[in-house]
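Trainee: Protein chains in written order, with UniProt numbering: chain A, 1 to 217; chain B, 1 to 293. All residues carry an ideal CB built from backbone N, CA and C; glycine is no exception. Quick one: this structure, given as structure tokens, is what I'll be asking you about.
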Amino acid sequence: KLGIVDLHPSIWQTSPRLDILYENIEWQKTYKKIDWAYTPPHHEYPSMRGKPWPQKGTGRARHKSKFDPQWKGGYKVHGPKGPTSFFYVLPKEKRVEGLCTALTVKLHQNDVHFVDSLDLPTHQPTYLQELAEDRFWGPSVLFVDDTDIMPHNIMFASAKTEGFTLMPVYGLNVYSILKHTTLVLTIRALNKIEKKLLHALHSCDNPKDQPAPPDEP
Amino acid sequence: MPIERGLQYLRQMQRVTLKNLPMPLEKTLKWQQAHPDETKIKAIMSRKGPISRSALPPYGIDPIQAEGRLPWILTVPKEPYYEGVEEARQYLPISLRTLQRLIDLRRINPEKPIDLPVLCNTKLFSIQPDQRQFGLQLTDEGADLFSTPINLEIQWVASELAIAAIERCGGVLTTRYFDPISLSALIDAKKFFERGEPIPRCDTPPINAVESYTDPKQRGYLANPDSIREERQRLAQKYGYKLPDPSKFSSLFRLKKDPRQIFYGLEPGWLVNLKDQTILKPTDAKFQTFYHS
Chain A
1 KLGIVDLHPS IWQTSPRLDI LYENIEWQKT YKKIDWAYTP PHHEYPSMRG KPWPQKGTGR
61 ARHKSKFDPQ WKGGYKVHGP KGPTSFFYVL PKEKRVEGLC TALTVKLHQN DVHFVDSLDL
121 PTHQPTYLQE LAEDRFWGPS VLFVDDTDIM PHNIMFASAK TEGFTLMPVY GLNVYSILKH
181 TTLVLTIRAL NKIEKKLLHA LHSCDNPKDQ PAPPDEP
Chain B
1 MPIERGLQYL RQMQRVTLKN LPMPLEKTLK WQQAHPDETK IKAIMSRKGP ISRSALPPYG
61 IDPIQAEGRL PWILTVPKEP YYEGVEEARQ YLPISLRTLQ RLIDLRRINP EKPIDLPVLC
121 NTKLFSIQPD QRQFGLQLTD EGADLFSTPI NLEIQWVASE LAIAAIERCG GVLTTRYFDP
181 ISLSALIDAK KFFERGEPIP RCDTPPINAV ESYTDPKQRG YLANPDSIRE ERQRLAQKYG
241 YKLPDPSKFS SLFRLKKDPR QIFYGLEPGW LVNLKDQTIL KPTDAKFQTF YHS
């Protein structure tokens, strides 16, 4: 243990709105969804030039064509037509609120750990696994760092173990936070997250009028 | 703070995972009403029904849900004058005139205290406890004729004239409450003793009756005796007669019952054996405390 970290209450002590978490997760699942189902309508079916058998004489029912909807292999009247997309954008406030509630949930259930940096002495995966076991970090751990480029050793170690993922700050999302049992943040990542989230929470400009958010910590 | 309570729950409950989240609530009725279905719109624009025939139900009722009829709650009529019928207490009337007549015909002895069983033994009154009847009440018909001093115990008095008529002759009136179990013992005392049950103790009156049974103007049995004496003086002054001396009368006259007692001379808890002409009394301490509490 190296010291005490100060956390901002607007992010780490909001009301635990599980319904907003649910909405965020639903959004993350469905905005990418495209339904490729397509049933060709009447005019895209072959026309067999009329009646399969004459109107009267045969003991069978009267029919006009072989591809009517009541037939097997016939067209569907109001079926799915073409690729339909389920894309929608959840309002920004809900997304921000979702991130804040996910972080509070993790904090208050003792699943967040803060770390100096993600440097390891060896690239052996056993070293990381034993470290996580000693510290009672759960089966799946999400390591969040400042930038995309991560140190070598942790890259090799987490690639070999199942359940350990590395993530930069811009990839942080509610689904990943809840999917992994523990969340491990570096101090630099913490600062960046807090700055961005606080800016998003307290700014009330329209997207057009908004100035660019601060990038560098 | 609601946030802190929510976080308290979080700390104690299981880990929040993708499978643990609650499903969203159904859309409220307000939203559904603002966005009607196709079927609803079709129903509104139909050629039949109360809307097209100008036969809408009263304001506040949805014509589509009502399906052309009034809802059941409006078809059943309201009878507000019958409110409280199940709790109302009934008292059968006995007038001063009948009392005087019974005394003159020697069916009642005025030298002994007149009680409910005494009046029921004349077989003029049929009191039914299951019909919410709680005894007898005194009416003031024949107040001028009344002229014998009696010790009367009645369940209800409606007018001051009746009380004044009895006290002018030198009598004593008390209003006394009997609960239905003790009533059934009093109405037909012989039948009750033949049953072989111990004498019940009388319950306290219900909450809406306590006020009248502690009122000295009603001469309640739970009222303060000093205030009763005051009220007697006041009534005498109001109606213009002189209160006779109470010391002339016999000791039998002045008998009064304990609030738990039903019969004169018999205590609650005692078992009367008519065949062997004996009375059995409980000796155990807990029975005695119960019956005399």
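May I ask which residues mark the beginning and end of the beta strand (DSSP E) holding residue 244/B?
Mentor: Residue 244/B -> no beta strand (DSSP E), and no H or E assigned at all.
Trainee: For residue 16/A, decide whether its Cβ has a neighbour in chain B, counting only Cβ atoms nearer than 8 angstroms.
Mentor: It does: the Cβ of residue 16/A has a partner Cβ on chain B nearer than 8 angstroms.
Trainee: Residues of chain B with CB closer than 9 angstroms to the CB of residue 109/A, please, in chain order.
Mentor: By Cβ distance, chain B contributes 10, 11, 13, 14, 15, 16.
Trainee: Consult DSSP for residue 104/A and reduce its assignment to one of helix, strand or coil.
Mentor: If DSSP states are grouped into helix, strand and coil, residue 104/A belongs with the helices.
Trainee: Could you pull out every unbroken alpha helix (DSSP H) segment of at least 4 residues lying fully inside the stretch 45-83 of chain B, listed in chain order?
Mentor: Listed in chain order, they are 63-66, 72-75.
Trainee: Scan the UniProt region "Disordered" (45-66) of chain A and note each continuous beta strand (DSSP E) run of 3 residues or more that stays entirely inside, going in chain order.
Mentor: Complete beta strand (DSSP E) runs here, min 3: none at all.
Trainee: Could you check the C-alpha separation between residue 296/B and residue 146/B for me, to the nearest Å?
Mentor: Examination of residue 296/B is not possible in this model, given that chain B is present from 1 through 293 alone.
Trainee: If you draw a straight line from the C-alpha of residue 254/B to the C-alpha of residue 130/B, how long is it?
Mentor: Cα-Cα distance, rounded: 32 angstroms.
Trainee: Measure the C-alpha to C-alpha separation of residue 107/B and residue 122/B and round it to an integer number of angstroms.
Mentor: If you take the alpha carbons of residue 107/B and residue 122/B, they lie about 7 angstroms apart.
Trainee: Anything in chain B within Cβ reach of residue 25/A, meaning under 9 angstroms, just list it in chain order.
Mentor: What residue 25/A touches in chain B: 18, 21.
Trainee: Please work out which residues of its chain come closer than 7 angstroms, Cβ to Cβ, to residue 175/B, disregarding the five sequence neighbours upstream and downstream, and give them in chain order.
Mentor: Counting only Cβ-Cβ distances below 7 angstroms, and skipping sequence neighbours, we find 154, 155, 156, 157, 213, 218, 219, 220, 221.
Trainee: Any idea which residues DSSP pairs residue 95/B with across the strands?
Mentor: According to DSSP, which records beta bridges pairwise, residue 95/B is partnered with 139/B.
Trainee: Look up residue 199/A in the DSSP assignment and say whether it is helix, strand or coil.
Mentor: Residue 199/A falls in the helix class under three-state DSSP.
Trainee: May I have the straight-line CA-CA distance separating residue 101/B from residue 224/B, to the nearest angstrom?
Mentor: When rounded, the distance between both Cα atoms is 32 angstroms.
Trainee: Check residue 98/A in the structure and name its three-state DSSP category.
Mentor: Residue 98/A falls in the helix class under three-state DSSP.
Trainee: Taking the straight line between their C-alpha atoms, what separation do you get for residue 229/A and residue 12/A?
Mentor: With chain A running from 1 to 217 in the structure shown, residue 229/A is simply not present.
Trainee: How big is the Cα-Cα spacing for residue 210/B and residue 109/A?
Mentor: Spanning the two alpha carbons is a distance of roughly 59 angstroms.
Trainee: Just list the alpha helix (DSSP H) runs in the stretch 111-169 of chain B, keeping only unbroken ones of 4 residues or longer that don't cross its boundaries, in chain order.
Mentor: As far as the stretch 111-169 of chain B is concerned, its whole alpha helix (DSSP H) runs of at least 4 residues are 116-120, 160-168.
Trainee: Within a Cβ cutoff of 8 angstroms, which residues of the same chain sit near residue 188/A, ignoring the five residues on either side of it in sequence?
Mentor: Counting only Cβ-Cβ distances below 8 angstroms, and skipping sequence neighbours, we find 117, 145, 146, 217.
Trainee: Check whether chain B comes within 8 angstroms of residue 181/A, counting only Cβ atoms and requiring the distance to be less than that.
Mentor: Yes, because at least one Cβ of chain B sits closer than 8 angstroms to the Cβ of residue 181/A.
Trainee: Kindly indicate the opening and closing residues of the alpha helix (DSSP H) around residue 207/B.
Mentor: 207-213 is the span of the alpha helix (DSSP H), which, as asked, contains residue 207/B.
Trainee: Excluding sequence positions up to five away, which residues of its chain have a Cβ less than 7 angstroms from the Cβ of residue 190/B?
Mentor: Cβ within range, chain order: n/a, list empty.
Trainee: My output table needs one value for residue 293/B: the three-state DSSP class, helix, strand or coil.
Mentor: Residue state, collapsed to three classes: coil.
Trainee: Pull up the DSSP beta-bridge partners for residue 340/B, would you.
Mentor: Look at the range of chain B in this structure, 1 to 293, and you will see that residue 340/B is not part of it.
Trainee: Mapping DSSP to helix, strand and coil, what is residue 143/A?
Mentor: In the structure shown, residue 143/A sits in a strand (DSSP, three-state: E or B).
Trainee: Please report whether the beta-carbon of residue 198/A lies at a distance below 8 angstroms from any beta-carbon of chain B.
Mentor: Closer than 8 angstroms: no.
Trainee: I'd like to know if residue 105/A contacts chain B, where contact means its C-beta is closer than 8 angstroms to some C-beta of that chain.
Mentor: Yes, residue 105/A counts as interfacial toward chain B.
Trainee: Using a C-beta to C-beta distance shorter than 8 angstroms, which residues of chain A count as neighbours of residue 6/B?
Mentor: Correct list: 15, 16.
Trainee: Just tell me which of 229/B, 120/B, 19/B, 264/B has its CA closest to the CA of residue 171/B.
Mentor: Ranking the options by Cα distance to residue 171/B, first place goes to 229/B.
Trainee: Would you call residue 97/A buried or exposed, if buried means 16 or more other Cβ atoms sit within 10 Å of its Cβ?
Mentor: Counting Cβ neighbours within 10 Å, residue 97/A comes out buried, since at least 16 surround it.
Trainee: Can you grab the Cα-Cα spacing for the pair residue 30/B / residue 62/B, in whole Å?
Mentor: Residue 30/B and residue 62/B: Cα-Cα distance of roughly 14 angstroms.
Trainee: For the alpha helix (DSSP H) containing residue 198/B, name the first residue and the last one.
Mentor: Taken as a continuous stretch (DSSP letters only), residue 198/B belongs to no alpha helix (DSSP H), as it is neither H nor E.
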